[in-house]
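All remarks here apply to the structure that follows.
2 protein chains.
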Amino acid sequence: MLHIPALEKLVHELSRLPGIGPKTAQRLAYFILKSNETYSVQLSESIRRVQSEVHTCPSCFNYTDRDICRYCTDPHRHNETICLVEEPSDITRIESSGAFRGRYHVLHGVISPLEGITAKNLKIKELIDKIDAGISGDAPAIKEVIFAFDADLEGDTTSLYLAKILQGKNVKISRIAHGIPMGSDIDFIDDRTMNRAMENRVEL
Amino acid sequence: MLHIPALEKLVHELSRLPGIGPKTAQRLAYFILKSNETYSVQLSESIRRVQSEVHTCPSCFNYTDRDICRYCTDPHRHNETICLVEEPSDITRIESSGAFRGRYHVLHGVISPLEGITAKNLKIKELIDKIDAGISGDAPAIKEVIFAFDADLEGDTTSLYLAKILQGKNVKISRIAHGIPMGSDIDFIDDRTMNRAMENRVEL
Numbered sequence: 001m002l003h004i005p006a007l008e009k010l011v012h013e014l015s016r017l018p019g020i021g022p023k024t025a026q027r028l029a030y031f032i033l034k035s036n037e038t039y040s041v042q043l044s045e046s047i048r049r050v051q052s053e054v055h056t057c058p059s060c061f062n063y064t065d066r067d068i069c070r071y072c073t074d075p076h077r078h079n080e081t082i083c084l085v086e087e088p089s090d091i092t093r094i095e096s097s098g099a100f101r102g103r104y105h106v107l108h109g110v111i112s113p114l115e116g117i118t119a120k121n122l123k124i125k126e127l128i129d130k131i132d133a134g135i136s137g138d139a140p141a142i143k144e145v146i147f148a149f150d151a152d153l154e155g156d157t158t159s160l161y162l163a164k165i166l167q168g169k170n171v172k173i174s175r176i177a178h179g180i181p182m183g184s185d186i187d188f189i190d191d192r193t194m195n196r197a198m199e200n201r202v203e204l
Numbered sequence: 001m002l003h004i005p006a007l008e009k010l011v012h013e014l015s016r017l018p019g020i021g022p023k024t025a026q027r028l029a030y031f032i033l034k035s036n037e038t039y040s041v042q043l044s045e046s047i048r049r050v051q052s053e054v055h056t057c058p059s060c061f062n063y064t065d066r067d068i069c070r071y072c073t074d075p076h077r078h079n080e081t082i083c084l085v086e087e088p089s090d091i092t093r094i095e096s097s098g099a100f101r102g103r104y105h106v107l108h109g110v111i112s113p114l115e116g117i118t119a120k121n122l123k124i125k126e127l128i129d130k131i132d133a134g135i136s137g138d139a140p141a142i143k144e145v146i147f148a149f150d151a152d153l154e155g156d157t158t159s160l161y162l163a164k165i166l167q168g169k170n171v172k173i174s175r176i177a178h179g180i181p182m183g184s185d186i187d188f189i190d191d192r193t194m195n196r197a198m199e200n201r202v203e204l
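Sequences listed follow chains U and Z, in order.
Read in order, the letters of the first sequence correspond to residues 1 to 204 in this note's numbering.
Read in order, the letters of the second sequence correspond to residues 1 to 204 in this note's numbering.
Right, here's the structure in full:
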C-alpha cells in the first residue's frame with residue numbers, strides 16, 4: 001500500500017511489537033524516516049546491542065549483562081526468601097517499591113493451557129533444584145517462596161500448581177495479597193476484587 | 001533503574017518515538033530482548049535500510065525509493081491539479097480513497113508559530129516555482145490547487161496564507177470539505193464541526 005518496499009518492511013517489523021497496530025507502526029516508520037540519521041543509527045544499534053549484551057542470569061533467570069545478576073550477587077539480600085515472578089520486568093516493579101530484600105527467581109511465563117504453555121516450558125525445575133540444594137546443604141537454605149504473579153487465571157493456576165509441587169519441601173509458601181488497590185474508591189472496585197478482598201480480610 | 005546499560009539505552013531510544021512513553025518503551029524493549037535474534041536483526045536492519053533507501057521526491061517531496069516518485073511519473077494522472085498535503089503519509093490516506101487522480105505536493109509541515117514553523121521551513125517556494133513553470137510554459141500548466149490539510153488551527157492558518165500567496169497566479173484554489181463525517185450521528189458532533197458544516201452547506 002505504501003509502494004516503497006523498504007518502508008513497508010519497516011512497518012511490518014514494527015507492527016510485530018506488542019500493542020503496535022499497523023496504523024501506529026506506520027506513524028513510527030514515518031517518524032524514523034523523518035528523523036535525522038543519528039537517531040536511526042542509535043535506535044538500530046541499541047536493538048542489536050541489547051540482544052548481544054543482555055542474557056539471563058544462570059541462577060535466577062533475570063536479565064543481566066554480568067555473569068550473575070546484581071540481585072543474586074548482592075550480599076545485603078536475604079538468601080532464605082525467594083520471590084517468584086513471571087517476567088524480569090516484574091522485578092523492576094517490585095524493587096522500586098522497596099518491599100522485598102530477598103532473592104528472585106523468574107519463571108519466564110505462567111502456565112497457560114490456552115497458549116500451550118505448560119510447566120515444562122517454565123523455569124520450575126530450576127526452582128526445585130535450588131530448593132533441593134538448600135535442603136541438602138549445597139546452597140543456602142530457603143525458608144519461604146513468595147508467589148508474585150499477575151492477578152489473573154493463569155497466575156492463579158500457576159500458584160496452585162506450584163503450591164502442590166512444593167509440598168513436603170518444608171518451605172513456607174505465600175502469595176502477594178490481592179485486594180483493593182491503595183487510594184482507590186470502593187465504589188469502582190469490580191466484583192472479583194471485592195470478593196478476594198473480603199475473603200482475604202486481615203484481622204486488626 | 002533497570003541497571004543494565006544496554007537495556008536502558010534501548011528504552012531511552014524507543015521512548016523518543018511518538019506516542020511511546022517510558023512504560024511502553026520498557027515493554028517493547030523487553031519484547032525485543034525476549035524475541036529471537038532473527039527478529040531483532042530484521043528490525044534493526046529495516047530501520048537502517050529505510051534511511052538509506054528512502055528519500056524525498058525532488059518534484060513533489062513525497063517519500064520514494066526511485067529517482068522520481070510513482071505519483072509524479074504516472075502517465076494516467078492529470079497534470080493540471082495539485083493536491084497539497086502536510087505529510088507524505090497523507091498521500092497514502094487520499095490514495096486509498098481513490099478520490100483524487102492528479103499530482104501531489106508535500107509541504108512537510110504546516111505553519112505553526114507556536115512550534116516556530118514558518119512558511120520558510122515548508123516546501124512553499126517549490127510549489128510556487130512549479131506553478132510559475134506552468135505559467136511560463138516550461139512545465140504542464142496547473143489549473144487547480146487543492147488544500148488537504150488537517151482540520152485544525154495550523155491547517156487553517158496555512159490555507160489562508162497560501163490562498164493569499166497564490167492570488168494572481170490564475171489558479172483555482174480549493175480546500176477539501178469540512179463537515180459531518182460519513183456514518184456519524186448528528187447528536188455527537190462537536191460545535192465547531194457543526195458550525196463549519198452549516199457554513200459550507202451544499203445546495204441540492
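Note that the Cβ used here is the ideal one computed from N, Cα and C, for glycine as well.
Keep in mind that this is a model prediction, so the values were computed, not measured.
Cβ closer than 8 Å: which chain U residues qualify as neighbours of residue i?
i, result
"Z/VAL54", "ILE4, ALA6, LEU7, LEU33"
"Z/PRO18", "ARG27, LEU28, PHE31"
For residue i, report the span of its alpha helix (DSSP H) as first-last.
i, result
"Z/GLU13", "5-14"
"U/VAL41", "37-53"
"Z/ARG27", "22-34"
"Z/LYS125", "124-136"
Using DSSP with H/G/I as helix, E/B as strand and the rest coil, what is residue i?
i, result
"Z/GLU87", "coil"
"U/ALA197", "helix"
"Z/ILE94", "helix"
"U/ARG70", "helix"
"Z/SER159", "helix"
"U/ILE176", "coil"
"U/ILE186", "helix"
"U/ILE111", "coil"
Quick one: is the Cβ of residue i within less than 7 Å of any heavy atom of the ligand ADP?
i, result
"Z/ALA6", "Questions concerning the ligand ADP fall outside what the structure shown contains, since it holds no ligand whatsoever."
Below 7 Å on C-beta distance, what does residue i contact in chain U?
i, result
"Z/GLU13", "GLN42, LEU43, SER46"
If residue i and residue j are in contact, beta carbons under 8 Å, what's the gap, nearest whole angstrom?
i, j, result
"Z/ASN47", "U/SER44", "Contrary to the premise, residue 47 of chain Z reads as Ile rather than Asn in this sequence. Contact holds; Cβ gap of about 4 Å."
"Z/HIS105", "Z/PHE149", "Wrong, their Cβ atoms sit about 12 Å apart, outside the cutoff."
"U/ILE142", "U/LYS125", "With a Cβ gap of about 15 Å, U/ILE142 and U/LYS125 do not count as contacting."
"U/ASN121", "U/GLY109", "6 Å"
"U/LEU28", "Z/PRO22", "In fact, because the Cβ distance is near 16 Å, the residues do not count as touching under 8 Å."
"U/SER35", "U/ALA25", "Actually they do not touch by this definition, with Cβ atoms about 15 Å apart."
"U/ARG77", "U/GLY102", "6 Å"
"Z/GLU86", "Z/LEU107", "6 Å"
"U/GLY183", "U/ARG196", "With 8 Å as the limit, U/GLY183 and U/ARG196 do not qualify as a contact, their Cβ atoms being about 18 Å apart."
"Z/PRO75", "Z/ILE68", "Wrong, their Cβ atoms sit about 12 Å apart, outside the cutoff."
Could you work out which residues of chain U lie near residue i, taking near to mean beta carbons separated by less than 9 Å?
i, result
"Z/PRO22", "Correct list: empty, because the minimum Cβ distance to chain U is about 12 Å."
Taking the beta strand (DSSP E) that residue i falls in, what are its first and last residues?
i, result
"U/ALA148", "144-148"
"Z/ARG103", "103-106"
Would you mind telling me which residues of chain Z sit closer than 8 Å to residue i, beta carbon to beta carbon, in chain order?
i, result
"U/GLU37", "GLN51"
"U/THR64", "ILE4"
Could you work out which residues of chain Z lie near residue i, taking near to mean beta carbons separated by less than 7 Å?
i, result
"U/ARG70", "HIS3"
"U/LEU10", "SER46, ILE47, VAL50"
Spell out whether any CB of chain C is found under 8 Å from the CB atom of residue i.
i, result
"U/GLU87", "Among the chains of the structure shown, chain C does not appear; the protein chains present are U and Z."
- Task: With 8 Å as the limit, tell me which residues of the segment 75-107 of chain U have their beta carbon closer than that to any beta carbon of chain Z; keep them in chain order.
- Result: GLU87, PRO88, SER89, THR92, SER96
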